[in-house]
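Below, the structure is given as structure tokens:
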């Protein structure tokens, strides 16, 4: 006999079959039951508190050629930039003065000593200018283990390296099948990060061409197997200047991708109660209230963009990215109101470290 939704949600450990069934729910009442349960789990495990991560898109220079990404090396339409040190410090000080508690520095994937040194020195300078009161997350791609160790020593606390999909066949549908984009390298980098002492994050895109609910269930099980501390995931949104755009007419409708993303967040929260989960900008692209709905589905992190407006337009990983013309002051001013309206509170000046990481490292 088929299990009821409430019975599946009550399970200590969800099987792949259960996850597939829950991801495939079409009834609004059943879907809302999952979202409500995830919110209750969040409240009981990490609380109704939202942590701010000020996002600095440091550079859109990228050596990779991923088929889905607007800043891929092969896209000659993009004006490439790297922020000056002063711009980065100004953004960091803004975050510090506005009690964000945390920063994310994101770049295209670059390699070599020059890049390693750039990040290392920025970490040191940021801490000098903010009295070591900001925690810093890096999202700068695959690097050798020794580079990760240098960055950790220089003051980085967390690292986000998205796997994008855990299905190898699908992985090579959205990446070139060559040594520079090897799935094994991605996995190895995640292990290096773990061994370097980082709070480790990964994530996937939801609604990729050819992606099945079974693939997404496997992604959720992968997060558990890897015992990750944080996840950043959201709907796949196509970019016109990419090879994958040719498959745009095969995609699930935007509304379906959005709702599937909320279910992914909810099921992740239910199965990994103590991790940090970001409510991504991509959710806001598909729904004006996407960020709030992500939080109500179980997410507990938001990332206001602090990149200078003049450069933000050049860091478009996908089409229709929101808030490209709003400066940091404008986009953060209403945040407290927006978040309190949905029953959440902002953890001002709190680092918002992953409780999962604390529990994992205390063992």
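Residue numbers (this note's numbering): -15 to 347.
Built from N, CA and C at the ideal position, the CB exists for glycine as well.
The model shown is predicted, which means the values in this text are computed figures rather than measured ones.
Just to confirm, is the Cβ distance from residue 49 to residue 160 under 8 Å?
As a working mapping, residue 49 is identified with position 65 in the chain shown. As a working mapping, residue 160 is identified with position 176 in the chain shown. Contact flag set, yes.
Over the uninterrupted beta strand (DSSP E) stretch that includes residue 89, give me the two end residues.
On the chain shown, residue 89 is found 105 positions in, with the first residue counted as 1. 86 to 91 is the span of the beta strand (DSSP E), which, as asked, contains residue 89.
If you draw a straight line from the alpha carbon of residue 26 to that of residue 344, how long is it in whole angstroms?
Position 42 of the chain shown, counted from the start, is the residue given in the question as residue 26. Position 360 of the chain shown, counted from the start, is the residue given in the question as residue 344. Whole-angstrom Cα-Cα distance: 18 Å.
In chain order, what residues of the same chain lie with their CB nearer than 6 Å to the CB of residue 232, ignoring the 5 residues before and after it?
Start at 1 with the first residue of the chain shown, and residue 232 comes out as number 248. If we look at residue 232 and ignore the five residues flanking it on each side, its Cβ neighbours are 222.
Note down the Cα distance separating residue 166 from residue -8, rounded to an integer number of angstroms.
On the chain shown, residue 166 is found 182 positions in, with the first residue counted as 1. On the chain shown, residue -8 is found 8 positions in, with the first residue counted as 1. Those two C-alpha atoms are separated by around 36 Å.
Using only the alpha-carbon positions, how far apart do residue 8 and residue 279 sit?
In the chain shown, residue 8 corresponds to position 24, counting from 1. In the chain shown, residue 279 corresponds to position 295, counting from 1. Each residue's alpha carbon lies about 21 Å from the other.
Spatial neighbours of residue 89 within its chain, please: C-beta separation below 6 Å, excluding the five flanking residues on both sides.
Stepping through the chain shown from its first residue, residue 89 is reached at position 105. The residues are 40, 42, 122.
Kindly give me the distance between the Cβ atoms of residue 335 and residue 119, rounded to whole angstroms, as I take these residues to be in contact under 8 Å.
Start at 1 with the first residue of the chain shown, and residue 335 comes out as number 351. Start at 1 with the first residue of the chain shown, and residue 119 comes out as number 135. Contact holds; Cβ gap of about 4 Å.
Using DSSP's beta-bridge definition, name the partner residues of residue 214.
In the chain shown, the residue the question calls residue 214 occupies position 230. DSSP output for residue 214 lists 185, 260 as bridge partner(s).
Just tell me which of 149, -13, 195 has its CA closest to the CA of residue 351.
For the chain, the structure presents residues -15 to 347; residue 351 sits outside this window and is missing.
Between which two residues does the beta strand (DSSP E) holding residue 123 run?
Counting from 1 along the chain shown, the entry for residue 123 is found at position 139. Taken as a continuous stretch (DSSP letters only), the beta strand (DSSP E) holding residue 123 covers 119 to 123.
Check the C-beta distance from residue 348 over to residue 266 and give it rounded, since I have them as a contact under 8 Å.
Outside the displayed span of the chain (-15 to 347) sits residue 348, for which this structure offers no information.
From the DSSP output, which residues share a beta bridge with residue 9?
Position 25 of the chain shown, counted from the start, is the residue given in the question as residue 9. Per DSSP, none; premise fails for residue 9.
Less than 7 Å between C-beta atoms, sequence neighbours within five positions excluded: which residues of the same chain meet that for residue 275?
The sequence position of residue 275 within the chain shown is 291, counting from 1. Result list for residue 275: 263, 267, 268, 286, in chain order.
For residue 362 and residue 117, what's the separation of their Cα atoms in angstroms?
This structure cannot settle anything about residue 362, because the visible part of the chain is limited to -15 through 347.
Three or more beta-carbon pairs under 8 Å between the region 99 to 107 and the region 129 to 141, yes or no?
Result yes; three or more Cβ-Cβ pairs closer than 8 Å.
Below 8 Å on the Cβ atoms is my contact criterion, and I expect residue 135 with residue 107 to pass it. Report the Cβ-Cβ distance as a whole number of Å.
Here residue 135 refers to the residue found at position 151 when the chain shown is read from its first residue. Here residue 107 refers to the residue found at position 123 when the chain shown is read from its first residue. The Cβ separation is near 6 Å, so the contact holds.
Quick check for students: name the residue ranges of the alpha helix (DSSP H) that lie wholly in the region 247 to 320, counting only runs of 4 or more.
Whole alpha helix (DSSP H) segments, 4+ residues: 265 to 270, 274 to 280, 293 to 296, 312 to 317.
From 56, 170, 317, 24, pick the residue whose C-alpha is nearest to that of residue 301; which is it?
One-based indexing of the chain shown puts residue 301 at position 317. Nearest C-alpha to residue 301: 56.
Would you kindly report the start and end of the unbroken alpha helix (DSSP H) that includes residue 41?
Numbered from its first residue, the chain shown carries residue 41 at position 57. First-last for residue 41: 38 to 43, but that is the beta strand (DSSP E), not the alpha helix (DSSP H).
Which whole-angstrom value describes the C-beta separation of residue 140 and residue 114, a residue pair presumed to lie in contact below a C-beta threshold of 8 Å?
On the chain shown, position 156 is the one that residue 140 refers to. On the chain shown, position 130 is the one that residue 114 refers to. That belief does not hold up - the Cβ atoms of residue 140 and residue 114 are roughly 14 Å apart, past 8 Å.
Where does residue 190 fall in DSSP's three states?
The residue labelled residue 190 in the question sits at position 206 within the chain shown. Correct three-state label for residue 190: strand.
Can you check whether the CB of residue 190 is closer than 8 Å to the CB of residue 210?
The residue given as residue 210 occupies position 226 in the chain shown. The residue given as residue 190 occupies position 206 in the chain shown. No, they are not a contact pair.
To test your reading of the DSSP string, which unbroken alpha helix (DSSP H) runs of 4 or more residues are found completely within the region 111 to 182?
Within the region 111 to 182, the complete alpha helix (DSSP H) runs of at least 4 residues are 129 to 138, 152 to 158, 167 to 179.
Using the C-alpha atoms, what's the distance from residue 172 back to residue 78?
Locating residue 78 in the chain shown gives position 94, counting from the first residue. Locating residue 172 in the chain shown gives position 188, counting from the first residue. Looking at the two C-alpha atoms, the distance is approximately 35 Å.
Please report the distance separating the alpha-carbon of residue 164 from that of residue 326.
Within the chain shown, the letter at position 180 stands for residue 164. Within the chain shown, the letter at position 342 stands for residue 326. Using only the alpha carbons, I get a separation of about 44 Å.
Hey, residue 203 and residue 185 are a contact pair by Cβ (cut 8 Å); roughly how many whole angstroms apart?
Indexing the chain shown from 1 puts residue 203 at position 219. Indexing the chain shown from 1 puts residue 185 at position 201. Contact flag wrong, Cβ pair sits at about 14 Å.
Go ahead and pull the three-state DSSP assignment for residue 330.
Position 346 of the chain shown holds residue 330. Residue state, collapsed to three classes: strand.
Is DSSP giving residue 227 helix, strand or coil here?
Working through the chain shown from its first residue, we reach residue 227 at position 243. Three-state DSSP puts residue 227 in a helix.
Could you pull the start and end residues of the alpha helix (DSSP H) that residue 73 belongs to?
Residue numbering aside, residue 73 sits at position 89 when the chain shown is read from its first letter. 69 to 81 is the span of the alpha helix (DSSP H), which, as asked, contains residue 73.
Hey, residue 250 and residue 30: beta-carbon distance below 8 Å or not?
The count along the chain shown starts at 1 and reaches residue 250 at position 266. The count along the chain shown starts at 1 and reaches residue 30 at position 46. No, the Cβ-Cβ distance between residue 250 and residue 30 is not below 8 Å.
Comparing C-alpha positions only, which one of 307, 44, 86, 197 sits nearest to residue 188?
Position 204 of the chain shown, counting from 1, holds the residue named residue 188. That would be 197, whose Cα lies nearest to the Cα of residue 188.
Figure out for me which residue from 228, 215, 312 has the closest Cα to the Cα of residue 71.
Residue mapping note: residue 71 aligns to position 87 of the chain shown, counting from 1. With distances taken between Cα atoms, residue 71 lies closest to 312.
Taking the continuous alpha helix (DSSP H) assigned at residue 342, which residues delimit it?
Sequence index remark: in the chain shown, residue 342 carries index 358 (1-based). 339 to 346 is the extent of the alpha helix (DSSP H) around residue 342.
Whole angstroms is fine: what's the gap from residue 45's alpha carbon to residue 322's?
On the chain shown, residue 45 is found 61 positions in, with the first residue counted as 1. On the chain shown, residue 322 is found 338 positions in, with the first residue counted as 1. About 34 Å.
Just the Cα atoms here: how many angstroms apart are residue 151 and residue 112?
Reading the chain shown from its first residue, position 167 is the one you call residue 151. Reading the chain shown from its first residue, position 128 is the one you call residue 112. Using only the alpha carbons, I get a separation of about 42 Å.
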